[in-house]
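*Asks:*
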Amino acid sequence: SKARETRIKRTKTVCTYCGVGCSFEVWTKGRKILKIEPRPESPANGVLTCVKGKFGWDFVNSEDRLRVPLIRDGDKFREATWEEAISLVARKMKEIKEKYGPDSLGFVASDKMSNEEAYLLQKLARAVVGTNNVDNSSRYCQSPATVGLWRTVGIGADSGTIKDIESSDLIVIVGHNTTESHPVVGSKVKRAKKIRGAKIAVVDVRKHEMAERADLFIRPKPGTDAAVLAGVAKYLIDMDWVDHKFLERVKGFNEFKKSVEGFTLDYVESVTGVPREQLVRLAEMIHEAKSVSFLWGMGVTQHLGGADTSTIISDILLLTGNYGRPGTGAFPMRGHNNVQGVSDFGCLPNYLPGYQKLEENVISKFEDAWRAKLSRRPGLQIPEMIEGVLEGKIHALFIVGEDTVMVDCGTPLTKKALESVNFLVVQDVFMTETAKLADVILPAVPSLEKEGTFVNTERRIQRFYKAMEPLGDAKPDWEIIQMIANALGADWSYSHPSQIMDEVARLTPVFSGVSYSKLEGFNSLVWPVTEEGDTPLLYVNSFATPDGKATLYPLSWRPSSLRDQTHAITLNTGRVLEHFHGGTMTGRVEGLRRKFPEPFVEVSKELSERYSIKDGDLILVKSKSGGEIKARALVSDSVTGEEVFIPLFASDPRNAVNNLTGTEVDKASGTPGYKDTPVMIEKLSQS
Ligand code: SF4
Numbered sequence: 253s254k255a256r257e258t259r260i261k262r263t264k265t266v267c268t269y270c271g272v273g274c275s276f277e278v279w280t281k282g283r284k285i286l287k288i289e290p291r292p293e294s295p296a297n298g299v300l301t302c303v304k305g306k307f308g309w310d311f312v313n314s315e316d317r318l319r320v321p322l323i324r325d326g327d328k329f330r331e332a333t334w335e336e337a338i339s340l341v342a343r344k345m346k347e348i349k350e351k352y353g354p355d356s357l358g359f360v361a362s363d364k365m366s367n368e369e370a371y372l373l374q375k376l377a378r379a380v381v382g383t384n385n386v387d388n389s390s391r392y393c394q395s396p397a398t399v400g401l402w403r404t405v406g407i408g409a410d411s412g413t414i415k416d417i418e419s420s421d422l423i424v425i426v427g428h429n430t431t432e433s434h435p436v437v438g439s440k441v442k443r444a445k446k447i448r449g450a451k452i453a454v455v456d457v458r459k460h461e462m463a464e465r466a467d468l469f470i471r472p473k474p475g476t477d478a479a480v481l482a483g484v485a486k487y488l489i490d491m492d493w494v495d496h497k498f499l500e501r502v503k504g505f506n507e508f509k510k511s512v513e514g515f516t517l518d519y520v521e522s523v524t525g526v527p528r529e530q531l532v533r534l535a536e537m538i539h540e541a542k543s544v545s546f547l548w549g550m551g552v553t554q555h556l557g558g559a560d561t562s563t564i565i566s567d568i569l570l571l572t573g574n575y576g577r578p579g580t581g582a583f584p585m586r587g588h589n590n591v592q593g594v595s596d597f598g599c600l601p602n603y604l605p606g607y608q609k610l611e612e613n614v615i616s617k618f619e620d621a622w623r624a625k626l627s628r629r630p631g632l633q634i635p636e637m638i639e640g641v642l643e644g645k646i647h648a649l650f651i652v653g654e655d656t657v658m659v660d661c662g663t664p665l666t667k668k669a670l671e672s673v674n675f676l677v678v679q680d681v682f683m684t685e686t687a688k689l690a691d692v693i694l695p696a697v698p699s700l701e702k703e704g705t706f707v708n709t710e711r712r713i714q715r716f717y718k719a720m721e722p723l724g725d726a727k728p729d730w731e732i733i734q735m736i737a738n739a740l741g742a743d744w745s746y747s748h749p750s751q752i753m754d755e756v757a758r759l760t761p762v763f764s765g766v767s768y769s770k771l772e773g774f775n776s777l778v779w780p781v782t783e784e785g786d787t788p789l790l791y792v793n794s795f796a797t798p799d800g801k802a803t804l805y806p807l808s809w810r811p812s813s814l815r816d817q818t819h820a821i822t823l824n825t826g827r828v829l830e831h832f833h834g835g836t837m838t839g840r841v842e843g844l845r846r847k848f849p850e851p852f853v854e855v856s857k858e859l860s861e862r863y864s865i866k867d868g869d870l871i872l873v874k875s876k877s878g879g880e881i882k883a884r885a886l887v888s889d890s891v892t893g894e895e896v897f898i899p900l901f902a903s904d905p906r907n908a909v910n911n912l913t914g915t916e917v918d919k920a921s922g923t924p925g926y927k928d929t930p931v932m933i934e935k936l937s938q939s
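For what it's worth, the UniProt record's numbering labels the leading residue of the sequence shown as 253, then goes sequentially.
Here you go:
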């Protein structure tokens, strides 16, 4: 009603951008967003926010929002009713399942979905369709960190909370541009240094703002950070700077020691280019600090050896007794707001919700609860689904909120796969490049138009509330998924996300104590949550392994590079502060777009001299895998030697950086080696 639209409404919400999980009140009048007000009781951020959280919300009123279901009609789309769109989706899915079997369908979850929606998507795949082919976009970023932590300590998530980072004596940041990727954590790290005298060490190929502020900045050659850390681990062992008491809780010391034997200071210096004094200094800083935390990001994980580097980080923490105490621990910084939760709630091809293995006793528990027969066969990861399409094994893809064409590595091949798949359903808020290829587009709503919960990088579960009504005919993902499930013969009757959470709590030990009533307002719970309470700090008394012991996991690292004579330059990619990833949301916020209108390529001083490149020159970048893009040059000492950097944001999809990336993946995690892309450059014109 008119009266309601003129009233100012204050709604608690959780940021929809990065994994810090800042919460705040959003002030709205009808659909107009008046302001974002952080509150002191916000558990992750207090009164802090960054530019995206504060100003990045106008996309909800963007002209580009999808408002009605669309069905492909030749080269175009025509508007359809929900009934028509859902029955078409159900009919095609049924046909394909009958003809090619349940494993010919694949489901891709967005890391922006709520926990409840992620749970329903994997339930649709598993209980209704009968396949474990369900994965989420953490495959593109943080799966290697998860693998490294599973190998060593048992839970693939941050071992403590942001408070532990803040109270750490030494914060080691590896391959992570904290200031721009997780700004609020960046501010807290800087404050810890300023107020408490905490030390900061940065290991990164890129000299970003945090590197400039650090007490120690180590700049290895691309792809050699694991060797730097192995050298440090060996030095710690040689100096007997290990925590013997703590090692009683850890297995595998001898095997680990043997695996790093070859990483002498001489060897590490020669392969990484890092002076030995810096390696020794990092080891000394770790030894001298009472508490050490390690933060890492995609500078580690988006490499072909991403899982190994993540593993050696955890190994160093174990060697030096830096788990299970305040101020210590492992912090793989989660990218999307709900990348943690979407995995936690089961959108993984080899785990049921809460990382329950596909084992007989677990499967039969879910079969009883869901009254369905479940597949025992582990499903496909996203890159395998894309490959499966090209090989003729996957015939239908259901992609929720993920611009796969833009974010997967090797855009041209991904596009080819999505163009050729028999049936493609895309459920999204916007007409993305991926949606443009769909057979059916289902209009979804952003978090401000629905209720649910997210899990931030700390494992913290937080509620968000509805600030405004859905735009047009768009619906929350959970409602759409329920309609599809029921059209396929299920009898789901969830009327509120809290009922979905209650079901999760009944079936998932790590969430057994979670309920919406305990999460009212700014209250939050850090999983594992039982009836007794939550667990902000993991591993205080034991590790999350069957015998309670951690494992020092041996390192297997050898120098390798995909570069050749023609493609001798390494391309690095990343985020900028004003934009989130490819810019699906932030690219539609006028203020942010003005500040950062088009992508650039950062060129090192050495390369700029060799190719006579000046700021603003138009550069052609060609990759070994055959892609090419154009971008303006920015000569910068953020990169050195044979390196260029291109941000993920692109206003024109033809110049998006993933046109360049190849399709090689990290063997242990299936994550593409985005940052191992060999390229060549050519100057096209002067500015
Ligand atoms: Fe949002 Fe991350 Fe910025 Fe916080 S730091 S406001 S969660 S983008």
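Note that the Cβ used here is the ideal one computed from N, Cα and C, for glycine as well.
(1) What does the Cβ neighbour count give for histidine 831, buried or exposed, with the cut at 16 atoms within 10 Å?
(2) Using a Cβ-Cβ cutoff of less than 7 Å, which residues in the same chain neighbour threonine 666 once the five nearest sequence positions on both sides are dropped?
(3) Taking a contact to mean a Cβ-Cβ separation below 7 Å, would you say alanine 361 touches alanine 370 in this structure?
(4) How is alanine 337 classed by DSSP in three states: helix, strand or coil?
(5) Would you say lysine 304 touches ligand 1, meaning its beta carbon is less than 6 Å from a heavy atom?
(6) Give a yes or no on whether the minimum CB-CB distance between valine 697 and chain B is below 7 Å.
(7) Assign glycine 773 to buried or exposed, taking buried as 16 or more other Cβ atoms, counted over all protein chains shown, within 10 Å of its Cβ.
(8) Any heavy atom of ligand 1 closer than 6 Å to the Cβ of valine 278?
(9) Are valine 484 and leucine 531 touching if we call contact CB-CB under 7 Å?
(10) Is asparagine 429 helix, strand or coil by DSSP?
(11) Could you spell out the range, first to last residue, of the beta strand (DSSP E) harbouring tryptophan 730?
(12) I'd like the span of the alpha helix (DSSP H) that includes lysine 688, first residue to last.
(13) Should threonine 301 be listed as close to ligand 1, given that the test is whether its C-beta is under 6 Å from any heavy atom?
(14) From this set, Arg623, Pro601, Cys599, Ser627, which residue's C-alpha is nearest glutamate 612's C-alpha?
(15) According to DSSP, is phenylalanine 852 helix, strand or coil?
(16) Based on the DSSP secondary-structure assignment, which residues constitute the bridge partners of glycine 581?
(17) What did DSSP end up calling glutamate 861 once you bin it into helix, strand or coil?
(18) For serine 439, which residues from the same chain have a beta carbon less than 7 Å from its beta carbon, with the 5 sequence-adjacent residues on both sides left out?
(19) Any heavy atom of ligand 1 closer than 6 Å to the Cβ of tyrosine 269?
(20) For phenylalanine 329, list the residues DSSP reports as bridge partners.
(21) Tell me whether isoleucine 651 is buried or exposed, calling it buried when 16 or more other Cβ atoms sit within 10 Å of its Cβ.
(22) Hey, which unbroken runs of the alpha helix (DSSP H) at 4 residues or more fall wholly within the segment 441-507?
(23) Can you tell me whether DSSP reads aspartate 680 as helix, strand or coil?
(24) Are the beta-carbon atoms belonging to asparagine 297 and valine 436 less than 7 Å from one another?
(25) Within 8 Å, do at least three Cβ pairs link the segment 670-678 to the segment 535-549?
(26) Can you look up asparagine 613 in the DSSP assignment and give me helix, strand or coil?
(27) CA-CA distance, phenylalanine 469 and phenylalanine 498?
(28) Report the option in Glu701, Asp477, Ile260, Val494 whose CA atom is closest to the CA atom of arginine 810.
(29) Keeping to the same chain, check which residues put their C-beta closer than 6 Å to that of aspartate 596; ignore five residues upstream and five downstream.
(30) Beta strand (DSSP E) containing glycine 358: first to last residue?
(31) Can you find the residues in the same chain that come closer than 6 Å, C-beta to C-beta, to proline 698, ignoring five residues on each side of it along the sequence?
(32) Using 8 Å for Cβ pairs, my map puts valine 457 next to valine 426. What's the rounded Cβ distance?
(33) Let me confirm a value: valine 853 is counted as buried when at least 16 other C-beta atoms fall within 10 Å, else exposed. Which label applies?
(34) Starting from the N-terminal side, write out each stretch of the alpha helix (DSSP H) that is 4 residues or longer and does not extend beyond the segment 770-820.
(35) For glycine 606, which residues in the same chain have their Cβ closer than 7 Å to its Cβ, ignoring the five residues on either side in sequence?
(36) Given 6 Å as the limit, tell me if valine 272 has its C-beta closer than that to any heavy atom belonging to ligand 1.
*Replies:* Judging by the given coordinates:
(1) For this step, residue 831 is matched to residue 579 along the sequence shown. Reliability fails at histidine 831, whose pLDDT of 49 lies under 50, so the model's placement of it is uncertain and the value that follows must be treated cautiously. Under this definition histidine 831 is a buried residue.
(2) Looking up residue 666 in the sequence shown gives position 414. Closer than 7 Å at Cβ, skipping near neighbours: Ile638, Thr656, Val657, Asp660.
(3) For the purposes of this step, residue 361 is taken as the residue at position 109 of the sequence shown. For the purposes of this step, residue 370 is taken as the residue at position 118 of the sequence shown. Yes, they are a contact pair.
(4) Numbered from its first residue, the sequence shown carries residue 337 at position 85. If DSSP states are grouped into helix, strand and coil, alanine 337 belongs with the helices.
(5) Residue 304 sits at position 52 when you count from the first residue of the sequence shown. Indeed, a heavy atom of ligand 1 lies less than 6 Å from the Cβ.
(6) The structure shown contains no chain B; it is built from a single protein chain.
(7) Within the sequence shown, residue 773 is the residue found at index 521, counting from 1. Answer is exposed; the Cβ neighbour count stays below 16.
(8) Position 26 of the sequence shown, counted from the first residue, corresponds to residue 278. Valine 278: no, Cβ never under 6 Å from ligand 1.
(9) Here residue 484 refers to the residue found at position 232 when the sequence shown is read from its first residue. Here residue 531 refers to the residue found at position 279 when the sequence shown is read from its first residue. Yes.
(10) By one-based count along the sequence shown, residue 429 stands at place 177. Three-state DSSP puts asparagine 429 in coil, outside helix and strand.
(11) What you label residue 730 is simply residue 478 of the sequence shown in a count that begins at 1. Element bounds for tryptophan 730: not the beta strand (DSSP E) but the alpha helix (DSSP H), 729-739.
(12) Here residue 688 is taken as the residue at index 436 of the sequence shown, counted from 1. Here lysine 688 belongs to no alpha helix (DSSP H), and DSSP marks it neither H nor E.
(13) Taking the first residue of the sequence shown as position 1, residue 301 is located at position 49. Yes - ligand 1 has a heavy atom lying nearer than 6 Å to the Cβ of threonine 301.
(14) On the sequence shown, position 360 is the one that residue 612 refers to. Among Arg623, Pro601, Cys599, Ser627, the Cα nearest to that of glutamate 612 belongs to Ser627.
(15) Locating residue 852 in the sequence shown gives position 600, where the first residue counts as 1. Correct three-state label for phenylalanine 852: strand.
(16) Numbered from its first residue, the sequence shown carries residue 581 at position 329. Paired residues: Ser545.
(17) The count along the sequence shown starts at 1 and reaches residue 861 at position 609. Glutamate 861 falls in the helix class under three-state DSSP.
(18) Stepping through the sequence shown from its first residue, residue 439 is reached at position 187. Leu300, listed in sequence order.
(19) Residue numbering aside, residue 269 sits at position 17 when the sequence shown is read from its first letter. The answer is yes for tyrosine 269.
(20) In the sequence shown, residue 329 corresponds to position 77, counting from 1. Answer is Arg324, bridged to phenylalanine 329.
(21) Numbered from its first residue, the sequence shown carries residue 651 at position 399. Isoleucine 651 comes out buried.
(22) 461-465, 477-490
(23) Here residue 680 corresponds to residue number 428 of the sequence shown, with the count starting at 1. The answer is strand: DSSP assigns aspartate 680 an E or B state.
(24) One-based indexing of the sequence shown puts residue 297 at position 45. One-based indexing of the sequence shown puts residue 436 at position 184. Yes; because the gap between Cβ atoms is below 7 Å, this pair is in contact.
(25) no
(26) Stepping through the sequence shown from its first residue, residue 613 is reached at position 361. Three-state result, asparagine 613: helix.
(27) The sequence position of residue 469 within the sequence shown is 217, counting from 1. The sequence position of residue 498 within the sequence shown is 246, counting from 1. Approximately 29 Å, taken between the alpha carbons.
(28) Taking the first residue of the sequence shown as position 1, residue 810 is located at position 558. The shortest C-alpha separation from arginine 810 is found at Asp477.
(29) As a position in the sequence shown, residue 596 is number 344, starting the count at 1. Result list for aspartate 596: Val707, in chain order.
(30) Numbered from 1 along the sequence shown, position 106 holds the residue referred to as residue 358. Element bounds for glycine 358: 357-361.
(31) As a first step, residue 698 must be located in the sequence shown, where it is residue number 446. The answer, listed in chain order, is Val312, Val681.
(32) Position 205 of the sequence shown, counting from 1, holds the residue named residue 457. Position 174 of the sequence shown, counting from 1, holds the residue named residue 426. Actually they are not in contact, since the Cβ atoms of valine 457 and valine 426 sit about 11 Å apart, beyond 8 Å.
(33) Reading the sequence shown from its first residue, position 601 is the one you call residue 853. Valine 853 comes out buried.
(34) none
(35) Reading the sequence shown from its first residue, position 354 is the one you call residue 606. Asp596, Thr760, Pro761, Val762, Phe763.
(36) Taking the sequence shown and counting its residues from 1, the one referred to as residue 272 is at position 20. Checking the Cβ of valine 272 against ligand 1 gives yes.
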